[in-house]
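Those letters in the sequence shown? Residues 6 to 99, per the numbering used here, in order. The block underneath contains the structure these notes are about, expressed in structure tokens.
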Amino acid sequence: MLQRRIKGARNRLDLNDRVQVRIIRKRLKVSDRQLGNLVQTVGNSIAAITKEANARKDAAAASEVPSAVVIASVENTEAAADEASLAAAVSQPA
């Protein structure tokens, strides 16, 4: 008689299954260490791991964008430099 091989839940990540781990890592574009940290943080639910990985990527992307204060200060500095160069050009006789 054929016995069915029990494969576990479809929505849970089995860290002992190398193929499943590789597939999840490629889908989420994370390293082994990052995947291990995600599993320690949220558990072995694939949906929770995906959600947390995307949240971390969004947070990292948001931290790379400079704040409005930084952008305004750069714009003010550039405007002041433009005014100074224009004043210097006007004051020089041709």
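Glycine is no exception: its CB is placed at the ideal position from the N, C-alpha and C atoms.
Per the DSSP secondary-structure output, ARG9 pairs with nothing in a beta bridge. Burial state of ILE28 is exposed, judged by a 10 Å Cβ sphere holding fewer than 16 other Cβ atoms.
In this structure, ILE51 places its C-beta atom within 8 Å of the C-beta atom of ARG17.
Rounded to the nearest angstrom, the gap between the Cα atoms of GLU57 and LYS34 is 13 Å. Annotation for LEU40: the continuous alpha helix (DSSP H) segment containing it runs 37 to 47.
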